[in-house]
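In UniProt numbering, the protein residues as written are 1 to 200.
Written out as structure tokens, the structure is:
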């Protein structure tokens, strides 16, 4: 099987990316809007689909028992207490602009990173994937955690910088300037899209 590249689309969920009754993190939504994150993600996703990349959507979503929650930190205690981000709840849905196509898998996770407690690595390796493009929210949480595990698992990592945002812009800046370059390339969506189209 030839080596493939995957696009990992991380935590672009209604509760985390859109204003309205289901919004959980206003500061994150503000940065998503200010940075044009969803538009950058949509452009990249469209180009990835056209180029035949393996697209995987990952989201934070819990079963009703919350026993599949892998992150047991105090910060995650709010989810079972508030019965939040249940997998069938409106807030857990992926935003409509990035809605998965019927053949694109959606991986539910119970922690920060995309790999812990999920079949994602086995899916990628089984599909012949050797490199991943990734973007998501928040930069210093799911993106950073996923990039670390991906590179330690033998995958080449490219982070699409303007597909990412944090609730604290300083944390985003530190992640993309200081931390993520240690684990892979950090590129703008325009460059990534041009490469997928064969223009660069």
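The C-beta atom is built at its ideal place from N, Cα and C for all residues, glycine as well.
Item: If you follow the alpha helix (DSSP H) that residue 39 is in, where does it begin and where does it stop?; Value: 37-50
Item: Counting C-beta neighbours from all protein chains within 10 Å, is the total for residue 46 16 or more, i.e. buried, or is it exposed?; Value: exposed
Item: Would a C-beta distance cut-off of 9 Å place residue 150 and residue 132 closer than the cut-off?; Value: yes
Item: Could you give the residue range of the beta strand (DSSP E) that holds residue 135?; Value: 129-136
Item: May I ask you to report which of helix, strand or coil DSSP gives residue 146?; Value: helix
Item: Quick one: using the 10 Å Cβ neighbour count with 16 as the cut-off for buried, is residue 109 buried or exposed?; Value: buried
Item: Contact check, residue 76 vs residue 69 under 8 Å by CB: the rounded distance?; Value: 6 Å
Item: Taking the C-alpha atoms as reference points, what is the distance between residue 4 and residue 138?; Value: 26 Å
Item: Mapping DSSP to helix, strand and coil, what is residue 4?; Value: strand
Item: Among 119, 30, 112, 165, which has the Cα closest to the Cα of residue 148?; Value: 112
Item: When the distance is taken between beta carbons, is residue 105 closer than 9 Å to residue 22?; Value: no
Item: Looking at the structure shown, is residue 139 part of a helix, part of a strand, or coil, going by DSSP?; Value: helix
Item: By Cβ distance below 6 Å, which residues in the same chain neighbour residue 156 in space, the five residues on each side in sequence not counted?; Value: 131
Item: Taking Cβ to Cβ, would you say residue 143 is nearer than 9 Å to residue 185?; Value: no
Item: On a CA-only basis, which of 96, 54, 41, 14 is nearest residue 60? Give me that one, please.; Value: 14
Item: Measuring only the C-alpha atoms, how far is residue 140 from residue 72?; Value: 18 Å
Item: Measure the beta-carbon distance from residue 129 to residue 118 and round it to whole angstroms, keeping in mind my assumption that it falls under 8 Å.; Value: Contact doesn't hold; Cβ gap of about 15 Å is too wide.
Item: Classify residue 28: buried if its beta carbon has 16 or more other beta carbons within 10 angstroms, exposed otherwise.; Value: buried
Item: Leaving aside the five residues before and after residue 38 along the sequence, list all residues of the same chain whose C-beta is less than 8 Å from its C-beta, in chain order.; Value: 12, 17, 32, 95, 97, 98
Item: Near residue 6, which residues of its chain fall below 8 Å by C-beta distance, leaving aside the five closest residues on each side in sequence?; Value: 53, 54, 55, 56, 124, 127, 129, 131, 132, 133
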